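Beneath this line is the structure, given in structure tokens, with notes to follow.
Number of protein chains: 2
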Amino acid sequence: MSVPTPIAERIAELGSRAVAASRRLAIAETDAKNAALNAVAEGLDAGREALAAANELDLAAARDAGLSSAMIDRLTLTPARIDAMIEGVRQIAAMPDPVGRELSSSTHRLGMKIVKRSVPIGVIAMIYESRPNVTIDAAALCVKAGNAVILRGGREAAHSNAALADIFRAAIMEHLPEDAVQFVDNPDRAGVTHLVQAVGVVDLVIPRGGEGLIRAVTEQARIPVIKHYKGVCHVYVDRDANLAEALEIVDNAKCQRPGVCNALETLLVHQDVADELLPALAARLEGVELRGDERTREVIDANEASEDDWHAEYLDLILAVRVVDSFDDAIDHIATYGSRHTEAIVSENADAQQRFVRAVDAAAVMVNASTRFMDGSEFGMGAEIGISTDKLHARGPMGLNELTSYKYEVWGEGQTRP
Amino acid sequence: MSVPTPIAERIAELGSRAVAASRRLAIAETDAKNAALNAVAEGLDAGREALAAANELDLAAARDAGLSSAMIDRLTLTPARIDAMIEGVRQIAAMPDPVGRELSSSTHRLGMKIVKRSVPIGVIAMIYESRPNVTIDAAALCVKAGNAVILRGGREAAHSNAALADIFRAAIMEHLPEDAVQFVDNPDRAGVTHLVQAVGVVDLVIPRGGEGLIRAVTEQARIPVIKHYKGVCHVYVDRDANLAEALEIVDNAKCQRPGVCNALETLLVHQDVADELLPALAARLEGVELRGDERTREVIDANEASEDDWHAEYLDLILAVRVVDSFDDAIDHIATYGSRHTEAIVSENADAQQRFVRAVDAAAVMVNASTRFMDGSEFGMGAEIGISTDKLHARGPMGLNELTSYKYEVWGEGQTRP
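Sequence lines, in order, name chains A and B. If you're matching positions, the first sequence starts at 0 in numbering that gives the first Met the number 0 and goes up one per residue. If you're matching positions, the second sequence starts at 0 in numbering that gives the first Met the number 0 and goes up one per residue.
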């Protein structure tokens, strides 16, 4: 028999504590969960100094390691970011309890009432990269939905994450089992492997981070994973588009916040409107690098787009542009290169709108609206734990309701099956 | 570069055909899907001779291989079973289309209408063992829900399954792409591995069969799996039970059809009612082998239960019996040994009923009703592709609605994000 490694033992211990906590959380009252979350908000406010000190340790290490200024910015817990975390936790406390909702009900011919009711999922493993606020946001959402969570953050934010998790655990103790939230303090990378293979312990894995992290988790996992993967979002400007509207939407989708997953990456233009639209677009998107196919470059100045550009999630002020022969070619391009995140059509033609909405396989399909609206809070869900690009269980913004499962209750009076 | 094996190439070919078919199925009209299914029903009726001949090849091989009579029975396509398949397909054709349902809708503050609407999942891989009727049942459910399906049945039913799949494909051709349904005709076991690792091609894997099959699929899969695992179902007879009702329920749950996953396997009896219940139970369940813990055997004659018995899914006229000190001990036993399938309490105490329903983690929880009611048709869903013991996406009976995903449609008039 092989001797378990320290990390294997640690994950097993965290796992059994999480299972025990999840059983208590599943029957926790709404008031207890909300009181616990409000105590977390107070704990964060009272813990600003400790958080700043822990964060400074991470920042010093990041500077020593020569991390980019963008990375260091993401790591930094400014007072405003702590305010935002506190506000976020308070908002989650104020939201309706997603557990115990009656999703449907019916009466069996023999008289039993059958109720389908929402319940917690159980134990969730959250595996994420640098931003420390994920520690609080994810823990608050999981706990509100009655789930125990095991957090495994990035090494570069280790001190900040540990300090945040400590505050969370201490704050909830009076109301809920503290093991509702646990943090993997051992930096051994094998911890991720043990976590995502903990069959019978962890019910769901949510990875958040870059492509490498998500691929590694997906390949190793033996339990369900809901991926929050990249957004290679398209806007297709149809032959029947209102071109002034198209310009507004393309500008907004590309430039309003280019570094996020619902930003536009590739523009598809119907050949019949390319000559009119593209010059106006080039003038409008002055600060944006355009990478066009051959037909685009016949109309405007642009760098040459390669095959890689159609796959690219730039997250930057770069836009790939392709002129397509037809509606169907646009659909084919999206089916080939899209990431099933968010796709948009600009068209005044009702038939084209309907066909686009039905034919495009994506979490969200926009008709004459910016891709930037694909977001839990824009969709009225409040906080989200991420945007799922998977099709099972949760698709698109994943809020509190998506962090629940359900069970069937059958209320009888001695009925037996004939 | 390694040379692809014949089975790898075959699975890749089936996969790309399935993806192409799924794009056409996603936009197929309800009438076309229903006409296709009714044509399948006619095709099965017209194909009885061919089916009998194919089935006879499997049966001859089974007899030569010395398979058990139970196995041979499961393999056999009797005229009555063909009738049942035909009737099942007709029923699925008559059911409402699960695609295109408006699941919720809202209006954004800027005026866009946001609609959450059901859509097909995409490509489903169905991996199953001996019963050939699964070929038709699964294919009909998948196609009605707009999914392409790749079927990989057991080797012992290869001729029967291939004949059934041929009839299905030929029948739908006039209405839908025939590649909506494909059958893995290469018996190489590596085909299962390639199928469950076809990331970006297969969207969901549904294994149906014994524990070995399900474990193998789960360990190898790189895409979501919904498991239809064993049912170690309990009935807990509370201190406050109506004992006459308890006897009826235990008898029905154990004996009405012992070979199925929602049959009772372990009876838990509160110590306060053990002396009265157990002798009556032993008399009533005369043909059932009882395996009891020590306290049970102090009251009635029973074989000794070992630790294995608490884990056992007998699927036979055997019942494990344990006397518990308290309600909480019953809950703990179920948490430790239950399979999250179906659990029941017999009690007249409203508080105990509520606590049981909330605390027990299972797809279905029965109050004063037999575990045998856990079934898609009893729950009013019509046909089911199986009973999920997972908690993600679908839990419990998995019918047409559970074979869909959803997308968000955002209908705008040029809105951009401020």
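Glycine included, C-beta positions come from ideal geometry on N, C-alpha and C. Bear in mind that the values here come from a model prediction, so they are computed numbers and not experimental data.
Beta-carbon proximity of residue i to residue j, cut-off 8 Å
i	j	result
residue 391 of chain A	residue 392 of chain B	yes
residue 270 of chain A	residue 200 of chain A	no
residue 399 of chain B	residue 94 of chain B	yes
residue 47 of chain A	residue 71 of chain A	no
residue 147 of chain B	residue 279 of chain B	no
residue 50 of chain B	residue 128 of chain B	no
residue 252 of chain A	residue 263 of chain A	yes
residue 203 of chain A	residue 123 of chain A	yes
residue 376 of chain A	residue 415 of chain B	no
residue 102 of chain B	residue 134 of chain B	no
residue 74 of chain B	residue 137 of chain B	no
residue 246 of chain B	residue 318 of chain B	no
Min CB distance residue i to chain A below 8 Å
i	result
residue 203 of chain B	yes
residue 414 of chain B	yes
residue 377 of chain B	yes
residue 104 of chain B	no
residue 176 of chain B	no
residue 165 of chain B	no
residue 357 of chain B	yes
residue 185 of chain B	no
residue 28 of chain B	no
residue 192 of chain B	no
Range of the contiguous beta strand (DSSP E) that encloses residue i
i	result
residue 406 of chain B	403-414
residue 255 of chain A	From DSSP, residue 255 of chain A is part of no beta strand (DSSP E); its letter is neither H nor E.
residue 358 of chain B	Per DSSP, residue 358 of chain B belongs to no beta strand (DSSP E); it is in the alpha helix (DSSP H), 349-358.
residue 88 of chain A	Where residue 88 of chain A is concerned, there is no enclosing beta strand (DSSP E), although the alpha helix (DSSP H) it sits in stretches over 78-93.
residue 149 of chain A	147-151
residue 141 of chain A	Run containing residue 141 of chain A: none in the beta strand (DSSP E); it sits in the alpha helix (DSSP H), 132-143.
residue 344 of chain B	341-345
residue 220 of chain B	Taken as a continuous stretch (DSSP letters only), residue 220 of chain B belongs to no beta strand (DSSP E), as it is neither H nor E.
Sequence-distant residues of its chain with Cβ nearer than 8 Å to residue i (five each side left out)
i	result
residue 340 of chain A	228, 229, 230, 231, 232, 260, 261, 361, 362, 363, 373, 386, 388
residue 295 of chain A	268, 273, 277, 289, 301, 304, 320, 321, 322
residue 244 of chain A	345, 367
Contact test: residue i Cβ vs the ligand NAP heavy atom, cutoff 7 Å
i	result
residue 334 of chain A	The ligand NAP is absent from the structure shown, which contains no ligands of any kind.
Chain B contact for residue i (CB, 8 Å cutoff)
i	result
residue 113 of chain A	yes
residue 125 of chain A	no
residue 94 of chain A	no
residue 290 of chain A	no
residue 391 of chain A	yes
residue 367 of chain A	yes
residue 326 of chain A	no
residue 0 of chain A	Note that residue 0 of chain A scores a pLDDT of 48, beneath 50, so its modelled location is shaky; the value from the coordinates is reported in the next line. No, because no Cβ of chain B sits closer than 8 Å to the Cβ of residue 0 of chain A.
residue 255 of chain A	yes
residue 251 of chain A	yes
residue 285 of chain A	no
residue 247 of chain A	yes
residue 5 of chain A	no
Alpha helix (DSSP H) segment containing residue i, residue limits
i	result
residue 323 of chain B	Segment 317-323 is the beta strand (DSSP E) holding residue 323 of chain B; no alpha helix (DSSP H) there.
residue 108 of chain B	Note, residue 108 of chain B: premise wrong, no alpha helix (DSSP H); not H, not E.
Residues near residue i by beta carbon distance below 6 Å, same chain, minus five either side
i	result
residue 158 of chain A	53, 56, 57
residue 168 of chain A	177, 180
residue 358 of chain A	330
residue 23 of chain A	176
residue 33 of chain B	92
residue 100 of chain A	117
residue 153 of chain B	128, 129
7 Å CB neighbourhood of residue i in its chain, flanking five on each side removed
i	result
residue 144 of chain A	97, 98, 119, 399, 402, 403
residue 90 of chain B	381, 382
residue 198 of chain A	221, 222
residue 27 of chain A	145, 175
residue 286 of chain B	316
residue 356 of chain B	364, 366
residue 0 of chain B	Confidence is the limiting factor: at residue 0 of chain B the pLDDT is only 48, short of 50, which leaves the residue's position unreliable and the question unanswerable from this model.
Chain C residues whose Cβ lies nearer than 7 Å to that of residue i
i	result
residue 363 of chain A	Checking the listed chains, one finds no chain C in this structure; the protein chains it contains are A and B.
- Kindly confirm or deny that the region 101-113 of chain B and the region 55-63 of chain B touch, where touching means at least three C-beta pairs closer than 8 Å. no
- Query: Are the region 181-200 of chain A and the region 1-15 of chain A touching, with three or more C-beta to C-beta distances below 8 Å?
  - Reply: yes
- Message: Taking contact to mean 3 or more Cβ pairs, one atom from each stretch, closer than 8 Å, check whether the region 161-175 of chain A and the region 32-43 of chain A are in contact.
- Response: yes
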